[in-house]
Amino acid sequence: GTNLGTVSAGSRSSATNNVKVGTHQIADTNVTIWTPTLITFLTDSSAVGDTDTDWGANFGGASALTVTSGSQAASGLNFYVFPQITSVTQPAGFAADTAREYDAADTDGVITLNGTRFGSSQGTGSATIVAQTATINSWINTAIQAQVSPAIVDTVNTGSISMTQGAGANGKTHTYAGTLRVLPRITGFTPTSASEGGAVTVNGNHFCQGVSCPVAFSASDKVTFTSARDATTFTSWSATAMATTVPVGAVTGNVVLTSNAYTSNGKSFTVLSNTPSDPTSLDQFKDVGFTQSIAVGGTASSTPIYLKQTMEVPGISGGTLYPQFEYQLIGAAFSCVGGGVCGSAVEGTGSASPGPATGSKSITPADGSYHWQARTRHNKTGADYYSNWVSFGGNSDPNGIDFTIDTTAPTITNVSSGTPGSNSATITWNTSGELSTSQVEYGTDSGLVGSSLTTLDQTMVLNHSVALVNLNSGTVYYFRVKSKDAAGNLATSSPIQSFSTTSITQPAKTTQTYIVGNTGIISAPTTWYFTLNAPETSLNLQSAYLEVYGLVFGGTNPIDLQVNAVPVSSYSVSAANATFFKFLYKIPNQADLNLNDTLTGGPPATCAYGSGGNPPCNNIVVTPGAGMSVYISSAKLIFTYSYTP
């Protein structure tokens with residue numbers, strides 16, 4: 029200008045000599061030249077005496093610049109002090125000038141613009157980050173905290189930062205010298221969980237940090253799961269999605285995407301376990317249809333037998349479930365423990381996961397007693413996952429029997445008919461070392477055509493004895509023995525053997541004679557007559573019994589019975605109500621009966637035997653008690669005697 033005067037240093041910031049921008053007076057030391065035509069001063073906020081605090085909100089404006097020299101003030105000139113972004117504070121741990129799009133769940137998308145003359149508050153001020161207006165968290169004269177807008181185009185990864193002054197300033201702008209890089213951000217997964225080998229898409233933004241999106245995995249372009257497992261399946265990669273599969277060995281935890289060496293945030297992903305559940309419903313059967321169960325400790329008489337389990341890997345689709353079994357003779361411990369392949373295991377047909385599914389395996393063990401265990405193998409994308417081994421019935425004791433295989437019938441030895449009698453024989457034999465049942469097939473035909481079988485004796489023994497009775501005397505009999513073990517294996521002796529019963533010199537006979545009398549109530553002593561005809565000669569009575577059946581009521585005890593001259597027998601019967609009775613009356617001697625003879629003095633008329641003579645006559649006398657009424661329903665004499673043929 030003109031007529032500015034000459035003011036020496038030390039006097040350039042006083043009431044009479046000064047330079048002002050608005051109400052702010054420039055410090056003396058910051059007025060470096062003052063001549064009549066030229067004044068030079070500094071507005072740098074680092075200059076002592078003119079910090080941003082000293083300036084306050086006075087950053088110029090219309091007619092803001094004034095000069096006073098020798099107490100004379102010049103008219104004001106339009107003058108503006110511009111804002112300046114001097115640095116950017118990025119999220120903690122980030123490289124300089126990097127951030128992610130804002131997400132309320134973290135601070136990765138919040139940056140701070142540091143500088144001067146931003147304005148005392150936002151007012152009409154603003155910040156623009158990579159071509160998008162930012163949401164402001166806070167605003168002071170020297171710092172603006174702003175959110176990196178989620179509206180930034182996902183294919184744009186770098187851009188400028190600028191701001192416009194806020195309250196107390198003049199709407200001036202500044203663009204930061206540096207460039208902000210928007211790093212990849214993972215926002216989620218589709219599906220939200222999967223197992224090893226399962227397909228998963230990593231969703232997010234700014235996934236392509238290079239010139240173009242990756243077309244293959246590399247050290248600079250990859251997806252890493254927890255446990256430092258890099259994905260190996262490259263399906264597709266775009267700015268917002270990367271499709272792959274969960275790698276083997278991955279576990280639940282953060283997944284990180286790296287693009288052109290720039291890494292994303294870590295986002296937790298749930299890795300479902302491919303390890304199948306421990307098998308349940310273990311069982312053992314004789315048949316493939318699972319209808320003939322073998323009880324714990326039970327025996328099967330044939331092979332194969334079938335081991336069964338229920339297998340499952342909850343929530344995991346894809347892959348195949350295989351049932352595995354190990355069986356060992358009792359006394360031998362299981363060799364399969366833990367995971368991994370086991371050579372002692374046998375495996376059944378697979379079923380698609382997740383199940384539950386029935387798995388089984390037929391086995392053909394040699395004869396013996398066994399215990400067994402089971403597990404499930406899950407194969408998915410070429411990898412195997414194993415459940416724990418589970419013992420059948422919880423029986424891990426090497427001496428605990430789960431099943432026994434017995435396909436061999438007992439060995440029959442020492443078959444003998446002993447010394448047969450006239451009407452009987454006792455057959456004996458052994459089944460060495462194996463308990464079994466006893467039965468004899470016998471008959472008079474040499475081929476046992478039309479033969480008979482003794483009642484099966486199910487008592488399990490080693491030494492067998494079966495009695496044959498009611499045989500014909502003087503006859504050749506043919507026989508063979510049969511024994512069945514606990515497993516149902518039947519052994520039959522061979523060849524057919526024979527024995528002969530002895531001949532009889534004095535046969536015997538048992539016969540019955542029914543006694544018929546008048547019907548009706550007996551209330552007083554009553555006699556019935558009967559005859560005994562025995563056509564044989566040289567009779568010899570062995571035994572004789574009288575059986576009387578009837579109904580009694582009323583009166584008092586007893587009822588008396590007498591046959592011929594045999595002593596009276598008295599029978600006590602409770603007769604308060606109608607009561608059935610059966611009396612057994614023993615005739616001790618042959619002399620007490622008339623056999624093929626007549627009673628002394630001749631038979632009574634009731635014993636008359638037509639016109640051919642007098643058959644032997646006997647009588648029975650029934651005497652009811654006082655006031656007693658008796659019905660006789662039947663009476664018979666059973667007698668056994670021997671004779672000379």
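The opening residue of the sequence shown carries number 29 in the working numbering; numbering runs sequentially from there.
Beta carbons are placed, not taken as given, at the ideal position from N, Cα and C, and that holds for glycine.
Is it true that the stretch 148 to 161 meets the stretch 263 to 280, where meeting means three or more beta-carbon pairs spaced less than 8 Å apart? no
Can you give the Cα-Cα distance for PRO426 and ASP315, rounded to whole angstroms? Indexing the sequence shown from 1 puts residue 426 at position 398. Indexing the sequence shown from 1 puts residue 315 at position 287. Going by the C-alpha atoms only, they are around 26 Å apart.
Return yes when the Cβ of PHE609 is within less than 7 Å of the Cβ of VAL596, no when it is not. Within the sequence shown, residue 596 is the residue found at index 568, counting from 1. Within the sequence shown, residue 609 is the residue found at index 581, counting from 1. No.
TYR542 classed as buried or exposed, judged by whether at least 16 other C-beta atoms fall within 10 angstroms: By one-based count along the sequence shown, residue 542 stands at place 514. That one is exposed.
Got a sec? Which residues, its chain only, sit under 6 Å from GLY367 by beta carbon, not counting five neighbours each side? For the purposes of this step, residue 367 is taken as residue 339 along the sequence shown, with counting starting at 1. Only TYR414 meet the Cβ criterion.
Work out the CA separation of VAL59 and ALA75 for me, nearest whole Å. Residue 75 sits at position 47 when you count from the first residue of the sequence shown. Residue 59 sits at position 31 when you count from the first residue of the sequence shown. Cα-Cα distance, rounded: 11 Å.
Among VAL443, THR436, LEU560, which one has its Cα closest to the Cα of SER526? Position 498 of the sequence shown, counted from the start, is the residue given in the question as residue 526. It is VAL443 whose Cα lies nearest to the Cα of SER526.
Coarse secondary structure for GLN749, derived from DSSP in three states: The structure shown does not extend to residue 749, since the chain is modelled only from 29 to 673, so the question has no answer here.
What do you reckon, are the CB atoms on VAL109 and THR71 nearer than 7 Å? Along the sequence shown, one-based indexing puts residue 109 at 81. Along the sequence shown, one-based indexing puts residue 71 at 43. Yes, these two residues count as a Cβ contact at 7 Å.
Which residue spans inside the stretch 457 to 538 form an unbroken beta strand (DSSP E) run of at least 3? 464 to 471, 485 to 489, 491 to 496, 504 to 512, 518 to 520, 525 to 528
In three-state DSSP terms, what is ASP72? For this step, residue 72 is matched to residue 44 along the sequence shown. Residue state, collapsed to three classes: coil.
Starting from ASP588, trace the beta strand (DSSP E) both ways and give me its first and last residue. Here residue 588 refers to the residue found at position 560 when the sequence shown is read from its first residue. First-last of the beta strand (DSSP E) with ASP588: 587 to 591.
Who are the near neighbours of TRP556 in its chain, counting only those whose CB is closer than 6 Å to its CB and skipping five residues on each side? The residue given as residue 556 occupies position 528 in the sequence shown. Cβ within range, chain order: ILE543, GLY545, ILE648.
Return the CA-CA distance between GLN320 and ASN605, expressed in angstroms with no decimal places. Translated into the one-based positions of the sequence shown, residue 320 becomes position 292. Translated into the one-based positions of the sequence shown, residue 605 becomes position 577. In a straight line, the C-alpha of GLN320 is about 56 Å away from that of ASN605.
Can you say whether ASP473 is buried or exposed, counting buried as having 16 or more other CB atoms within 10 angstroms of its CB? As a working mapping, residue 473 is identified with position 445 in the sequence shown. With fewer than 16 other Cβ atoms within 10 Å, it is exposed.
When DSSP builds the beta bridges, which residues end up paired with ALA411? Along the sequence shown, one-based indexing puts residue 411 at 383. Beta-bridge pairing links ALA411 to LYS408.
When DSSP builds the beta bridges, which residues end up paired with ASP311? Numbered from its first residue, the sequence shown carries residue 311 at position 283. BP columns for ASP311 point to LYS336.
Within the same chain, show all residues whose beta-carbon is closer than 8 Å to that of LYS664, passing over the 5 residues directly before and after it, in chain order. The residue labelled residue 664 in the question sits at position 636 within the sequence shown. The answer, listed in chain order, is GLN540, THR541, TYR542, ILE543, LEU574, GLU575.
Using DSSP with H/G/I as helix, E/B as strand and the rest coil, what is SER36? Here residue 36 corresponds to residue number 8 of the sequence shown, with the count starting at 1. In this structure, SER36 counts as coil in the three-state DSSP scheme.
Taking Cβ to Cβ, would you say GLY33 is nearer than 7 Å to GLY104? If you number the sequence shown from 1, residue 33 lands on position 5. If you number the sequence shown from 1, residue 104 lands on position 76. Against a cut-off of 7 Å, the Cβ pair of GLY104 and GLY33 comes out as no contact.
In angstroms with no decimal places, state the Cα-to-Cα distance between SER379 and SER521. Mapped onto the sequence shown, residue 379 falls at position 351. Mapped onto the sequence shown, residue 521 falls at position 493. Cα to Cα, the separation comes out at about 49 Å.
PHE318 to HIS492, Cα distance in whole Å? Numbered from its first residue, the sequence shown carries residue 318 at position 290. Numbered from its first residue, the sequence shown carries residue 492 at position 464. About 36 Å.
From GLY196 to SER255, what does the alpha carbon distance come to, in whole angstroms? Position 168 of the sequence shown, counted from the start, is the residue given in the question as residue 196. Position 227 of the sequence shown, counted from the start, is the residue given in the question as residue 255. Cα-Cα distance, rounded: 54 Å.
Comparing alpha-carbon positions, which option in SER39, VAL418, SER296 lies nearest THR218? The residue labelled residue 218 in the question sits at position 190 within the sequence shown. Ranking SER39, VAL418, SER296 by Cα distance to THR218 puts SER296 first.
Got a sec, what are the start and stop residues for the alpha helix (DSSP H) THR81 sits in? On the sequence shown, position 53 is the one that residue 81 refers to. From DSSP, the alpha helix (DSSP H) with THR81 extends over 80 to 83.
Candidates SER551, GLU354, LYS510: closest to THR482 by CA position: Here residue 482 corresponds to residue number 454 of the sequence shown, with the count starting at 1. Among SER551, GLU354, LYS510, the Cα nearest to that of THR482 is on LYS510.
Using the three-state DSSP reduction, which class does GLY638 fall into: helix, strand or coil? For this step, residue 638 is matched to residue 610 along the sequence shown. Since pLDDT at GLY638 reaches only 39, below the 50 mark, its modelled position is unreliable, and no value is offered.
Could you check the C-alpha separation between TYR334 and THR432 for me, to the nearest Å? As a position in the sequence shown, residue 334 is number 306, starting the count at 1. As a position in the sequence shown, residue 432 is number 404, starting the count at 1. Cα-Cα distance, rounded: 13 Å.
GLY421 - DSSP class collapsed to helix/strand/coil: Along the sequence shown, read from residue 1 onward, the residue named residue 421 stands at position 393. Note: GLY421 maps to helix in three-state DSSP.
Contacts around GLY516, its chain only, beta-carbon distance under 7 Å, and the 5 residues preceding and following it disregarded: Residue 516 sits at position 488 when you count from the first residue of the sequence shown. So the list reads SER329, once near-sequence residues are dropped.
C-beta contact flag for ALA536 and SER670 at 7 Å: In the sequence shown, the residue the question calls residue 536 occupies position 508. In the sequence shown, the residue the question calls residue 670 occupies position 642. In contact: ALA536 and SER670 (Cβ atoms closer than 7 Å).
By alpha-carbon positions, which one of ILE164, MET339, TYR355, GLY206 ends up nearest to SER397? Sequence index remark: in the sequence shown, residue 397 carries index 369 (1-based). SER397 has its Cα closest to that of TYR355, out of ILE164, MET339, TYR355, GLY206.
Between GLN352 and THR435, what straight-line distance do the alpha-carbon atoms span, to the nearest angstrom? Start at 1 with the first residue of the sequence shown, and residue 352 comes out as number 324. Start at 1 with the first residue of the sequence shown, and residue 435 comes out as number 407. For GLN352 and THR435, the distance between alpha carbons rounds to 25 Å.
Please list, in chain order, all residues of the same chain as ASN282 whose beta carbon is under 7 Å from its beta carbon, the five residues on each side excluded. Here residue 282 refers to the residue found at position 254 of the sequence shown. For ASN282, where only same-chain residues beyond five positions count, the Cβ hits under 7 Å are THR254, GLY294, LYS295, SER296.
Go ahead and pull the three-state DSSP assignment for GLN193. Translated into positions along the sequence shown, residue 193 becomes position 165. GLN193: coil per DSSP, three-state reduction.
Under the rule that 16 or more other beta-carbon atoms within 10 Å means buried, what is THR63, buried or exposed? Here residue 63 corresponds to residue number 35 of the sequence shown, with the count starting at 1. So THR63 ends up on the exposed side.
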